[in-house]
Amino acid sequence: MAVLLLGIFPVGVLRAAQSMVALQGHVPMQVRSATLLGRAQADELVQLSLAVRLDQNLLDQTLEGIYGRNAPAQKHYLSSSEFAQKFGLAEKRQALKDFAQANGLTVDPTEDNPESMIVKASGPAGSVEQAFQVQLNHYRGPDGKVFRAHDTEPIIPAALAPHLGAVLGLSNNTGVYHPHIQMKSAASAALQPSFTGATGPGGSLAPADVKTIYGLSGTTLTGAGQTVALLELDGYNPADITSYKTTFGLSNTPITFVGVDNTANLCGLAQNQPCNAATLASDSGMGEVALDIDMALALASGATQIMVYTNINSNLGVFDAYNMIATDNIAKVASTSWGKPELSSASQILVINGSPSSLSQLENQVFQRMATQGQTIYAASGDSGAYDDGTTVSVDDPASQPYMTGVGGTSLSGSVAAPAEKAWNTCGAVKCLQSSGGSTGGGVSSVWTIPGYQAGSSGLASQTMRNVPDVALNADPASGYAVYVGGGFWQFGGTSAAAPLWAAMTALMNQERLVAGTGYFGFANPTLYQLAKSTSSATLFNDIATGNNGFYNAGVGYDNTTGWGSFKGTNLISAASGVSSFAFSNSLSSVFAYPNPWDTRKYTQRQVTITNLPDGASVKIFTLSGFWVKSLPLALSGSTAWDLTNDSGERVASGLYYYLVNISGSNTRGVIAIIK
Ligand SMILES: [Ca+2]
1 MAVLLLGIFP VGVLRAAQSM VALQGHVPMQ VRSATLLGRA QADELVQLSL
51 AVRLDQNLLD QTLEGIYGRN APAQKHYLSS SEFAQKFGLA EKRQALKDFA
101 QANGLTVDPT EDNPESMIVK ASGPAGSVEQ AFQVQLNHYR GPDGKVFRAH
151 DTEPIIPAAL APHLGAVLGL SNNTGVYHPH IQMKSAASAA LQPSFTGATG
201 PGGSLAPADV KTIYGLSGTT LTGAGQTVAL LELDGYNPAD ITSYKTTFGL
251 SNTPITFVGV DNTANLCGLA QNQPCNAATL ASDSGMGEVA LDIDMALALA
301 SGATQIMVYT NINSNLGVFD AYNMIATDNI AKVASTSWGK PELSSASQIL
351 VINGSPSSLS QLENQVFQRM ATQGQTIYAA SGDSGAYDDG TTVSVDDPAS
401 QPYMTGVGGT SLSGSVAAPA EKAWNTCGAV KCLQSSGGST GGGVSSVWTI
451 PGYQAGSSGL ASQTMRNVPD VALNADPASG YAVYVGGGFW QFGGTSAAAP
501 LWAAMTALMN QERLVAGTGY FGFANPTLYQ LAKSTSSATL FNDIATGNNG
551 FYNAGVGYDN TTGWGSFKGT NLISAASGVS SFAFSNSLSS VFAYPNPWDT
601 RKYTQRQVTI TNLPDGASVK IFTLSGFWVK SLPLALSGST AWDLTNDSGE
651 RVASGLYYYL VNISGSNTRG VIAIIK
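For reference, each letter of the sequence shown is one residue, going 1 to 676 in the numbering used here.
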């Protein structure tokens, strides 16, 4: 067939006839500050992850059907295979495989999972360059590390664009993500914390102390029947974990190492060292992994298993791991304490011309998939306060993702029995570099517009962009947690501790919800925000009202340092377990006005209600010819009303008007008829 075509058209004409598009946002920013060493050898082996692009409209509709205002009370989550079928993964994966093979790349049959959003392919640099119309070079970064990258965006056939969202692995720079961990000291040094009554080594927090502080000491829930997933970019020593369990008398919950992309359980910056004390001295990532596992065990010590999804520290590594957590769909609760500034210099660009780049959209889609499958995921919001990138007011990815629950940090004082809590900040007014102290990450996303569950809440620093974090928990190393790593106990803090503790608490909640018949908790934010805004909020959350993160201040209610605050364990679990569904909506697809037409002969109340609105939506009334008549109050509880007057309070004349609804950059309109 191809020969026949070539017989008809000269090759050049055929190529030109095929419409091509660029995949935006793939060039690593690091290329700008790196030294070009030369072109990659044509036979250099390149490992790629070709990531499926999901139909965003179908995703929105599906999420609306599960979490939306008109969704059934009992959520119907999709299984992984239902998701694969609904989103046509077979067809999309085949399109990616065909493209790879047509360009001389080899599809890896050992990772050919039909429910995965990734096709693994590899081949020589020369073929990869031709497939994506890039030149692969070697660079030396400012940190001395040599890596492969490209300095122009990959170009693909337009016909492939609906199926291929991104190609990961063209660039192989590592160390992209940072652990949000604060190592205080070896606990054996008996460093006295500013906080008393803790029973762990050296005055650190033991699991029982965490339960006492956060209202879980009365519960018999242990996470039985639940699986917690942790995303990790470093290794751990199983003997360290056993020592933690033994010291605190925790049941022997299995820790399952999952080597994504055949990654081994090794430690160190290059992930090729044994996980021992010598490696820990230069590798805080090893501390991160032990911290995450220990914190999950601290509250969910009776879980079925803790799955430690581990990969190399690169964009490809992280995305493959998220994808595997979603594809496996075994863990209904997940946590990541690895992040990077939204505008990271070591990473690809997350926002281009005001829109999320292909890479950030890809992350968003995998988190949206988790939401459709009833998986809850938490991310640490960072330990650098308001200055996540160290220089500008910025926030951390993935905590700033709209389908992620971002977890900030607090600082405890007083005692275990009578704790006081404020926003964590040991950097004071200066920009917080992790070496000089730490502070809760929080602020406003420069990538994502405000999600429906957040719009209209008071206390937000922005009513147009995503606010971070959503919730918080103790993260101050001075009131830190006992963690066993490298053959001894340490006292750790960081938002890294806060995220897995929220995940473990959610495993308890899921255990309770399954008994209550309300199903898995799923995407947490819609419910957490509804509960936090309810009249019983004070019994469910410890509102943090003092402290700051170097730019934003804590305050009553939501704030951009600690979100809605820390949990009051058993109260929040029972409140969230009794509810079948809390609605949120980003969609404007069901908006309508009633009564319409409004007729003076039929209705005594001069009012037209516009309903099925996302909370926080703005509605304006115009004449048909486009003259502004009035702005209506922001939508609350799904509706807003027009009293049939103009902005000066005068009654409007008979005729046709239109309403314009706007939220998060989306809008819709409709016509209202007034008959007098
Ligand atoms: Ca607050």
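Glycine residues also receive a C-beta, built at the ideal position from the N, C-alpha and C atoms. Note that the structure is a prediction, hence the values are computed from the model and not measured.
Three-way DSSP call (helix, strand, coil) for SER284 in this model: In the sequence shown, residue 284 corresponds to position 284, counting from 1. Note: SER284 maps to helix in three-state DSSP.
Integer Cβ distance of THR62 from THR527, believed to fall under 8 Å: Looking up residue 62 in the sequence shown gives position 62. Looking up residue 527 in the sequence shown gives position 527. That belief does not hold up - the Cβ atoms of THR62 and THR527 are roughly 18 Å apart, past 8 Å.
Best match in ALA42, GLY202 and ILE155 for proximity to GLY480 [C-alpha to C-alpha]: As a working note, residue 480 is residue 480 in the sequence shown. Checking every option, the nearest Cα to that of GLY480 belongs to GLY202.
Nearest-angstrom Cα separation, counted from ASN474 out to LEU634: Counting from 1 along the sequence shown, the entry for residue 634 is found at position 634. Counting from 1 along the sequence shown, the entry for residue 474 is found at position 474. C-alpha separation (whole angstroms): 35 Å.
Cβ shell of GLY555 (< 8 Å), same chain only, five flanking positions each side left out: In the sequence shown, residue 555 corresponds to position 555, counting from 1. Same-chain partners within the cutoff: GLY459 and ALA545.
Residue range of the unbroken alpha helix (DSSP H) whose run includes LEU54: Here residue 54 is taken as the residue at index 54 of the sequence shown, counted from 1. From DSSP, LEU54 is part of no alpha helix (DSSP H); its letter is neither H nor E.
Touch test, the stretch 513 to 531 against the stretch 385 to 396, Cβ-Cβ under 8 Å, three pairs minimum: When Cβ pairs closer than 8 Å are counted between the two stretches, the stretch 513 to 531 is seen not to touch the stretch 385 to 396, the count staying below three.
Distance CB(ASP240)-CB(LYS120) smaller than 9 Å: Position 240 of the sequence shown, counting from 1, holds the residue named residue 240. Position 120 of the sequence shown, counting from 1, holds the residue named residue 120. Against a cut-off of 9 Å, the Cβ pair of LYS120 and ASP240 comes out as no contact.
Range of the contiguous alpha helix (DSSP H) that encloses GLY126: Along the sequence shown, read from residue 1 onward, the residue named residue 126 stands at position 126. Looking at the DSSP string, the run of the alpha helix (DSSP H) that includes GLY126 is 125 to 132.
C-alpha distance - ASP470 paired with SER536, whole-angstrom precision: Stepping through the sequence shown from its first residue, residue 470 is reached at position 470. Stepping through the sequence shown from its first residue, residue 536 is reached at position 536. Their Cα atoms are separated by approximately 18 Å.
Distance between LEU78 and GLY374 (C-alpha atoms, nearest Å): For this step, residue 374 is matched to residue 374 along the sequence shown. For this step, residue 78 is matched to residue 78 along the sequence shown. Going from the Cα of GLY374 to the Cα of LEU78 covers about 8 Å.
For ARG140, the first and last residue of its enclosing alpha helix (DSSP H): Residue numbering aside, residue 140 sits at position 140 when the sequence shown is read from its first letter. Element bounds for ARG140: not the alpha helix (DSSP H) but the beta strand (DSSP E), 137 to 140.
PHE195 vs ILE156 beta-carbon contact at 9 Å: Numbered from 1 along the sequence shown, position 195 holds the residue referred to as residue 195. Numbered from 1 along the sequence shown, position 156 holds the residue referred to as residue 156. Cβ atoms of PHE195 and ILE156: not closer than 9 Å.
For ALA44, the three-state DSSP class (helix, strand or coil): Here residue 44 refers to the residue found at position 44 of the sequence shown. This sequence places Glu at residue 44; Ala is not what is there. When DSSP states are grouped into helix, strand and coil, GLU44 belongs to the coil group.
Euclidean distance between Cα positions of MET370 and ASP112: The residue you call residue 370 lines up with position 370 of the sequence shown. The residue you call residue 112 lines up with position 112 of the sequence shown. Their backbone Cα atoms lie some 20 Å apart in a straight line.
Simplified DSSP state of ILE155, which is helix, strand or coil: Indexing the sequence shown from 1 puts residue 155 at position 155. The answer is strand: DSSP assigns ILE155 an E or B state.
Extent of the continuous alpha helix (DSSP H) run through ARG93: Residue mapping note: residue 93 aligns to position 93 of the sequence shown, counting from 1. Element bounds for ARG93: 89 to 102.
Boundaries of the beta strand (DSSP E) in which TRP448 is found, first to last residue: Taking the first residue of the sequence shown as position 1, residue 448 is located at position 448. Segment 443 to 449, the beta strand (DSSP E) holding TRP448.
In chain order, each beta strand (DSSP E) run of at least 3 residues that lies wholly inside the stretch 365 to 444: 376 to 380, 405 to 415 and 419 to 423
Close-in-space but distant-in-sequence residues of the same chain around GLY317 (CB under 6 Å, 5 per side omitted): In the sequence shown, residue 317 corresponds to position 317, counting from 1. Counting only Cβ-Cβ distances below 6 Å, and skipping sequence neighbours, we find ASN311.
Beta-carbon contacts of ASN103 that lie in its chain and below 7 Å, excluding the five residues immediately before and after: Taking the sequence shown and counting its residues from 1, one reaches residue 103 at position 103. Cβ within range, chain order: SER127, GLN130 and ALA131.
Any non-hydrogen atom of ligand 1 within 8 Å of TRP564 CB: Here residue 564 is taken as the residue at index 564 of the sequence shown, counted from 1. The answer is yes for TRP564.
Candidates GLU91, THR410 and ALA34, of which the one nearest ALA499 by Cα: Walking along the sequence shown from the start, residue 499 turns up at place 499. Residue THR410 is the option with its Cα nearest to ALA499.
Cβ-heavy atom distance, TYR552 to ligand 1, below 8 Å: Reading the sequence shown from its first residue, position 552 is the one you call residue 552. No, the beta carbon of TYR552 sits no closer than 8 Å to any heavy atom of ligand 1.
Euclidean distance between Cα positions of GLN454 and SER171: As a first step, residue 454 must be located in the sequence shown, where it is residue number 454. As a first step, residue 171 must be located in the sequence shown, where it is residue number 171. Taking the straight line from one Cα to the other gives about 35 Å.
Run of the beta strand (DSSP E) containing GLY655, from where it starts to where it stops: The residue you call residue 655 lines up with position 655 of the sequence shown. Bounds of the beta strand (DSSP E) holding GLY655 are 655 to 663.
Enclosing beta strand (DSSP E) for PHE688 [first to last residue]: Look at the range of the chain in this structure, 1 to 676, and you will see that residue 688 is not part of it.
Local Cβ density within 10 Å of SER581, reported as buried at 16 or more and exposed below that: Working through the sequence shown from its first residue, we reach residue 581 at position 581. In this prediction, SER581 scores a pLDDT of 45, lower than 50, which makes its location untrustworthy; no coordinate-derived value is stated.
Cβ-Cβ distance between ASP314 and THR174 below 9 Å: The residue labelled residue 314 in the question sits at position 314 within the sequence shown. The residue labelled residue 174 in the question sits at position 174 within the sequence shown. Per the sequence shown, residue 314 should be read as Ser rather than Asp. Their beta carbons are under 9 Å apart, which means SER314 touches THR174 by this criterion.
Any non-hydrogen atom of ligand 1 within 8 Å of TYR558 CB: Position 558 of the sequence shown, counted from the first residue, corresponds to residue 558. Yes, ligand 1 has a heavy atom inside 8 Å of this Cβ.
Counterpart residues of ILE675 in DSSP-defined beta bridges: By 1-based counting over the sequence shown, the position of residue 675 is 675. In the DSSP output, where bridge partners are listed per residue, ILE675 has ASP599.
Alpha-carbon to alpha-carbon, TYR552 and MET465: Stepping through the sequence shown from its first residue, residue 465 is reached at position 465. Stepping through the sequence shown from its first residue, residue 552 is reached at position 552. Taking the straight line joining both Cα atoms gives about 15 Å.
Beta-carbon gap between ALA641 and THR561 smaller than 9 Å: Residue 641 sits at position 641 when you count from the first residue of the sequence shown. Residue 561 sits at position 561 when you count from the first residue of the sequence shown. Against a cut-off of 9 Å, the Cβ pair of THR561 and ALA641 comes out as no contact.
Whole-Å CB distance - VAL27 paired with ASP151, under 8 Å assumed: Reading the sequence shown from its first residue, position 27 is the one you call residue 27. Reading the sequence shown from its first residue, position 151 is the one you call residue 151. That belief holds up - the Cβ atoms of VAL27 and ASP151 are roughly 6 Å apart, short of 8 Å.
6 Å Cβ shell around ALA673 - same chain, five flanking residues per side excluded: Taking the first residue of the sequence shown as position 1, residue 673 is located at position 673. Taken in chain order, the residues that qualify are PRO597 and LEU656.
Contacting residues, own chain, Cβ-Cβ under 7 Å from THR199 (five flanking each side not counted): As a position in the sequence shown, residue 199 is number 199, starting the count at 1. Hits under 7 Å: ALA206, ALA208 and ASP209.
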